[in-house]
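Colleague: Residues 21 to 920 in the numbering used here are what the first sequence spells out, letter by letter. Cβ atoms here follow ideal geometry from the backbone N, Cα and C, with glycine treated the same way.
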Amino acid sequence: MNIVQIEDSVKHLVKNVLDGTASQKDFIYDFLLSYGHRSQSIGRVRNGERNLAEDKENSVFWKRQIYFKFAKQDDLHGLIDQMKNEKRTESNKIRFLIVTDFKNLLAVDTKTQDTLDVSFSDLAKKFDFFLPWAGMEKAVYQGENPADVKAAEKLAKLFDEIKADNFDEDDLNNKENLHQLNIFLSRLLFCYFAEDTEIFKNKQFTSAISKSNEDGSDLSALICRLFKVLNQSSEDREADLPDYLADFPYVNGGLFKDDIQVPKFTRKSRRILIECGAELDWSDINPDIFGSMFQAVVHTEQRSTMGQHYTSVPNIMKVIEPLFLNDLYEELEKNQDSVNKLLKLQQRLGQLKIFDPACGSGNFLIIAYKELRKFEMEVLKRIQELELEKTGQFSKPFSLIQVSQFYGIEIDDFAHEVAILSLWLVEHQMNLAFRVEFGEIVPALPLKISGNVICNNATQVDWLKFCEPDSPDTQILIIGNPPFAGSRKRNSQQSEDLKLVFNNKNYKLLDYVSAWFYKGASFISKTNAKLGFVSTNSVTQGEQVSLLWPRIFNTGVEISWAHQSFKWKNNAKHNAAVTVVIIGIEKINENKSKILYSESLETIVGTINPNLTESSELIVSSRKKTLSNIPDMCFGNMPADGGKLLFNEEEKTSFIQKEPLSKRYFKELISAREFINGKKRYCLWFADEDLDDLYKLKLIRQLIEEVKIIRQNSSRPNLASIPHLFAQITQPKGKNYILIPRHSSENRDYIPMGFFSEDYIAHDSCLIIPDASPALFAILNSRMHMVWVRAVAGRIKTDFRYSKDTVYNNFPIPTLTKSELEELSNLAFEILSIRENDSSKCLADLYSKATMPNDLRNAHIKLDKYVDSIYQKKSQKQIKSDECRLSILSFLYNKMSIEG
DNA sequence: TATCCGACATAAA
DNA sequence: TTTATGTCGGATA
């Protein structure tokens, strides 16, 4: 469920209730469904098993979720106040109170104390009030002041004080110092959390540190002593420990194991330290959200992004639902009437291993843990219901899921400390939720074994040794959002890492994230594991496809589900959005259907190819010569001149005014932008000129000298010796050419292309085909070709990026007869002449989906049909879908490349 | 803020 | 040497 879907769904529901299409009785259940609650769960609430209200007809009381009443009285406020004051509302951790008479609706969010008072018809406008049901805490995305943001901001203040008091520049560059500080902060966070969640006594930590001198002089020693105590069982402790220390329980679990350097405090930092404990309620923090924020505290360059993480939960769900959660709920549904089978299902949970080889502060692990615990509770609840039915009593439920089943590798020391800590925190939180449901609680202390989170470079770790299957059956689920870095963005360490993982072969053009896919695939081939990774979409497009995926498939795996490109709010940068995909990989299993998710729908398909579309395997490699019998394409002319040789209309006119003899050197330059938007641009073109002659013109000499300086600073070799020329010259002589912009918007059905004479200089933002026939122009302008482009071309964000070696050279064209060539020519001229008639409009207008003129569109459709018929000669049937076109192309491509 | 293509370092051949 | 490619992007409306 994403926000848009939720809003739509609520809108429909309200409308249907108001016009009577949906019944008022069903409203509350449909409302819950709109926010992505499981339909099985809602079913059980509806049939009364999970509804603990007395008057089940008119009210719903569902633990931890909702207390709802259909109001028959006029005083809605009185009613909701009364519900709020009921004891069980608090003890069952009800999140939302709702009353409505279907004229007005009141609601209270018990966590934030926010209230809602709207007319029923306006409910959809306020749908966001209930987003926490869908895992989106409103306080966070509205940038209000939730526990997480407040806590992180307070900690940031503390952190800055401590840093200023204890370290200078050099100290901070020292890794060991930072490590010590990282550990200190994570212990501190644990203490705050513990004293608010019954692990310690209420505010025990805060009151202990308050006993220090007000100037902070002895606080460091006190904390140091406290940490030591926390690591000792009562028999190990000194006998004469003061009460306020002796009172602390034994924490164990390794959190307080090592002695660390506790920083010194001042009057000011001591006060902040105490305020953090006294003023904030740490039980409310969400380890999943807080983790990333806490990380931002330490990495000051990320400070501005605090509170930007609200998308993380729904996005993480996009990984774990298809990977395993959906299957589990299906199992639950299937076995819902057998206690034994349900117990077996629960046991399976205890044997899982969840592994995030790029875990950061642990978001994926934490959400996975939470969701698994929630699922287990569903299983246990069902078991209880069955037992109760049968025998009138039920056995004591307990959880089999341990944090030690969770594995993480993270290269950043602080993030990895936070991940370890967050796992503990979330374990405790889930134990509390467990108590609400079952009244049983696992004691929090001493802490058991922690999650297995190490600080290391995942590309260098032997995953099999780190996350070893206990038996061949142990199911390992690999999840995460590994780092992306394109070939030009990597640092030298990352390049080395890739080199190692790919055995020094063909790794340079791959994205850094490939290392995770490859290691993951190898891991899967040797174990009972599957993976789901968020990744940049560039591994699914363009030249990377043929370099990466054959190697992955060679390990015996396949893509079992995938989310096609969508925009992901980037947490590293404020407003930048990066386009990502999510890919699930499993061992080959031909019997299992694959699922393809796009923004709005999910499709069941036979196979998923590396471009994340449905189709039989189609991996086109970079090809230097054309597959079909067509003229070669080449690159446009690349200036690489710092812009010195390029002019717009005004600049050109004024330059000619000052240097009249320069006029003969100007030529029109066609770059993608000029071509598509019908603008003019010029360049000084000296390809056939003598440098000495040029130097006679003062201004030109000056310009060339400027280019020279720029090129001397460039890493490209030999350019400075030809400062008057474009860096790459490919302009055809005595020939016309077809020009194709390399980058073009996805919002066009056809990439605009055009014919030009040699007098127009093609810019390197375009590709050209010299000596091309109108028939070829027709073929390239066909829908058939566009389907090919859509399938194999690279992307910039989601827009096309045409290329020669991948797209053009591999494009399969059947052998054409003379009459076919003639007809194609005619169709090409038709399109060109329609464009000519409309020459007041630029190509951007002519080819935008919204404004494309009818006659032009019809001419294109006519061409499309004809080209289709050429590709499908045998059958008289018309080709209907692009999928069909693509499979024809795949077939022809495979055939021609084998014959070729 | 959504749209829509740029410039050039860096890769391969 | 030549030339093709992509950029957790950037400019512009």
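In the DSSP assignment, find the unbroken beta strand (DSSP E) run with N629 in it and report its ends.
Modeller: Run containing N629: none; DSSP gives neither H nor E here.
Colleague: Assuming E396 and I421 form a contact by the criterion Cβ under 8 Å, report the distance between their Cβ atoms to the nearest whole angstrom.
Modeller: The Cβ separation is near 6 Å, so the contact holds.
Colleague: Three Cβ pairs or more, each shorter than 8 Å: is that satisfied between the segment 759-771 and the segment 677-693?
Modeller: yes
Colleague: Within 10 Å of its beta-carbon, does K35 have 16 or more other beta-carbons around it, so buried, or fewer, so exposed?
Modeller: K35 is exposed by the Cβ-count criterion.
Colleague: In the DSSP assignment, what residue or residues form a beta bridge with E606?
Modeller: In DSSP, E606 forms a bridge with E578.
Colleague: From P307 to S442, what distance separates their C-alpha atoms?
Modeller: Spanning the alpha carbons of P307 and S442 requires a straight line of approximately 5 Å.
Colleague: What number of angstroms, rounded off, separates the C-alpha of S232 from the C-alpha of L239?
Modeller: 5 Å
Colleague: When the distance is taken between beta carbons, is F149 closer than 8 Å to D925?
Modeller: The shown model of the chain, from 21 to 920, leaves out residue 925, and the question about it has no answer.
Colleague: Where does K593 land, buried or exposed, given buried means 16+ other C-beta within 10 angstroms?
Modeller: Confidence in K593 is poor, its pLDDT being 36 and thus under 50, which makes the residue's placement too unreliable to answer from.
Colleague: Shorter than 7 Å, the distance from the beta carbon of V249 to the closest heavy atom of the ligand ADP, or not?
Modeller: This structure simply doesn't include the ligand ADP, nor any ligand for that matter.
Colleague: Is the segment 547-562 in contact with the segment 812-823, if contact means three or more CB pairs nearer than 8 Å?
Modeller: yes
Colleague: Where does N193 fall in DSSP's three states?
Modeller: helix
Colleague: At which residues does the beta strand (DSSP E) containing V80 begin and terminate?
Modeller: S79 to W82
Colleague: Does the Cβ-Cβ distance between G540 and G604 come in under 8 Å?
Modeller: no
Colleague: Between N914 and L906, what straight-line distance do the alpha-carbon atoms span, to the nearest angstrom?
Modeller: Near 12 Å, if we compare the C-alpha coordinates of L906 and N914.
Colleague: Just to confirm, is the Cβ distance from A582 to P503 under 8 Å?
Modeller: no
Colleague: Out of F344, G380 and D301, state which residue places its alpha-carbon closest to the alpha-carbon of R368.
Modeller: F344
Colleague: Measuring only the C-alpha atoms, how far is I374 from F522?
Modeller: So the alpha carbons of these two residues sit roughly 25 Å apart.
Colleague: Considering only residues of the segment 778-830, which uninterrupted beta strand (DSSP E) runs meet the minimum length of 3 residues and lie entirely inside it, listed in chain order?
Modeller: 786-790, 814-816 and 819-821
Colleague: For the 8 Å Cβ check, are there 3 or more pairs between the segment 526-543 and the segment 478-491?
Modeller: Cβ pair count under 8 Å is three or more, so yes.
Colleague: In this structure, what does DSSP give as the bridge partners for S868?
Modeller: R768
Colleague: When the distance is taken between beta carbons, is G311 closer than 8 Å to S381?
Modeller: yes
Colleague: So L275 and V249 are supposed to be a Cβ contact under 8 Å. How far apart are they, rounded?
Modeller: With a Cβ gap of about 13 Å, L275 and V249 do not count as contacting.
Colleague: Are the segment 873-881 and the segment 844-851 in contact at 8 Å, needing three or more beta carbon pairs?
Modeller: yes
Colleague: So what does DSSP say about L205, is it helix, strand or coil?
Modeller: helix
Colleague: Figure out for me which residue from F543, L529 and N548 has the closest Cα to the Cα of P492.
Modeller: N548
Colleague: Are A740 and K728 touching if we call contact CB-CB under 8 Å?
Modeller: yes
Colleague: Going along the chain, which residues of its own chain have a beta-carbon closer than 8 Å to the beta-carbon of D28, five neighbours each way excluded?
Modeller: none
Colleague: Closest by CA to L567, which one among I62, Y891, S642 and P834?
Modeller: S642
Colleague: Indicate whether I429 and F486 have their beta-carbon atoms separated by less than 8 Å.
Modeller: A contact, by the Cβ cut-off of 8 Å.
Colleague: Check the DSSP bridge columns for F90 and list the partner residues they point to.
Modeller: T120
Colleague: Counting only the same chain and skipping the five closest in sequence on each side, list residues whose C-beta sits under 6 Å from that of R66.
Modeller: In chain order, Y49 place their CB closer than 6 Å to the CB of R66, counting only its own chain and leaving out the 5 sequence neighbours on each side.
Colleague: Helix, strand or coil for W705, going by three-state DSSP, please let me know.
Modeller: coil
Colleague: For N105 versus K83, is the C-beta distance shorter than 8 Å?
Modeller: no
Colleague: What residues in its chain sit with their C-beta under 8 Å from that of N124, if we drop five residues either side in the sequence?
Modeller: L96, D137, V138, S139 and F140
Colleague: Cβ of D726 within 8 Å of Cβ of K700?
Modeller: Contrary to the premise, residue 726 reads as Glu rather than Asp in this sequence. Contact flag unset, no.
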